[in-house]
Amino acid sequence: MGVIISDEPRINDEIRVPQVRLIGPKGEQVGVIATTVALNLAKEANLDLVEVAPNAKPPVAKLIDYGKFKYNEKIKAREARRNQSTAEIKEIRFRLKIDDHDFDVKKGHVTRFLSGGDKVKVTIMLRGREISRPIGGVELLQRLADDVAEFGTIESKPKQEGRNIIMTLAPKGKKVHTQSEQRRRGAESRAERQARQAARLAAKQEAQAQAQAAAQASVSPNTSDLKKQTSKEGSNAEDEN
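Here is the structure:
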């Protein structure tokens, strides 16, 4: 049977050592105290005792809100992933004898990929006697690179690999900008949705308030009439007496 090793620190009753060097919730050095005393301090402060340096002599523990700490770490990790500039590699294939229309269509795809911040692997597939005269494929790839120079640069120059000639294009550092723009648009969309939801909720609450007011208004005259009728009956009774 294997031993399961956890990356999570030991907290509270999981800390079995007799003493710890305690750090307070604001980073203050409390000193070396008994683990039981540290646990009582954690309970009194409604915090957790977390072992932050298990290999120290004695181990170092800190008083923190562990649930809040884990949540903040998760948010930081998510933001870090969002800010990473990770580029995918797209692939476009050409035939050496491609007509101008198809070339323009393929070029459009390459431009779109580069604009999105992705690298593009462009492959010229050679057939028959074309293999012995690869210069035409190199010229075609150079033509493509020149046409999309505004969006990308040659990262790997054209080279022949068997029946293919391959070139790699890289974007001109627009990945982060593109991701930032996407995040900005996403934030704006969320803000608009929240505003619409708030407006619908306010309208619903206003409609409910108006309905309640109308219901009260319809009941009030009846109550007033009942009071008048009771008062009138009382007056008649006094007159008879």
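Anchor point for the sequence shown: position 78 equals 78 in full-length UniProt numbering, and the numbering is continuous, going up by one each time.
Ideal Cβ placement from N, Cα and C applies to all residues, glycine included.
Predicted model, so just to flag it, every value in this text is computed and none were measured.
Going by C-alpha to C-alpha distance, which of the options sits closest to residue i?
i, options, result
"Pro18", "Lys57, Ala42, Asp48", "Lys57"
"Arg10", "Pro25, Val30, Ala61, Gln29", "Ala61"
"Gly24", "Ala214, Glu51, Asp146", "Glu51"
"Thr36", "Pro54, Glu188, Arg16, Gly128", "Arg16"
"Arg112", "Gln210, Glu150, Glu188, Ala217", "Glu150"
Considering only the beta carbon of each residue, do residue i and residue j sit closer than 8 Å?
i, j, result
"Ile165", "Pro134", "yes"
"Val120", "Leu114", "yes"
"Leu47", "Leu22", "no"
"Ala34", "Leu49", "no"
"Val148", "Lys107", "yes"
"Ile75", "Leu96", "no"
"Val110", "Met167", "no"
"Arg81", "Ile131", "no"
Let me know if residue i comes out buried or exposed under the rule of 16 or more other beta-carbons within 10 Å of its beta-carbon.
i, result
"Val105", "exposed"
"Glu14", "exposed"
"Ala42", "buried"
"Gly27", "exposed"
"Gly186", "exposed"
"Asp146", "exposed"
"Gly117", "buried"
"Gly67", "exposed"
"Lys175", "Low per-residue confidence applies at Lys175: pLDDT is 49, beneath 50, and the placement is therefore not dependable enough to give any value."
"Gly137", "buried"
"Ala237", "Residue placement at Ala237 is poorly supported in this model, since its pLDDT is 49, which falls under 50; the coordinates still yield a value, given next. Classification of Ala237: exposed, given that the 10 Å Cβ count is below 16."
Excluding sequence positions up to five away, which residues of its chain have a Cβ less than 7 Å from the Cβ of residue i?
i, result
"Ala170", "Lys119, Gly152, Thr153, Glu155"
"Glu79", "none"
"Asp65", "Leu47, Asp48"
"Asp157", "Contrary to the premise, residue 157 reads as Lys rather than Asp in this sequence. Cβ within range, chain order: Met167."
Compute every distance between the C-beta of residue i and the non-hydrogen atoms of the ligand HEM, then say whether any falls below 7 Å.
i, result
"Arg81", "For the ligand HEM, the structure offers nothing, since it holds no ligand at all."
For a cutoff of 8 Å on Cβ pairs, would you count residue i as touching chain B?
i, result
"Leu141", "Here there is only one protein chain, and chain B is not present."
Looking only at its chain, what residues have a beta carbon closer than 6 Å to the beta carbon of residue i, apart from the 5 residues adjacent to it on each side?
i, result
"Asn72", "none"
"Gln160", "Pro134"
"Glu8", "none"
Leaving out five residues before and five after residue i in sequence, what residues of the same chain have Cβ atoms less than 8 Å from its Cβ?
i, result
"Val32", "Gln19, Val20, Arg21, Leu22, Pro58"
"Ile98", "Lys106, Leu140"
Checklist entry - Would you call the stretch 128-141 and the stretch 193-208 in contact, with 3 or more CB pairs under 8 Å? => result no
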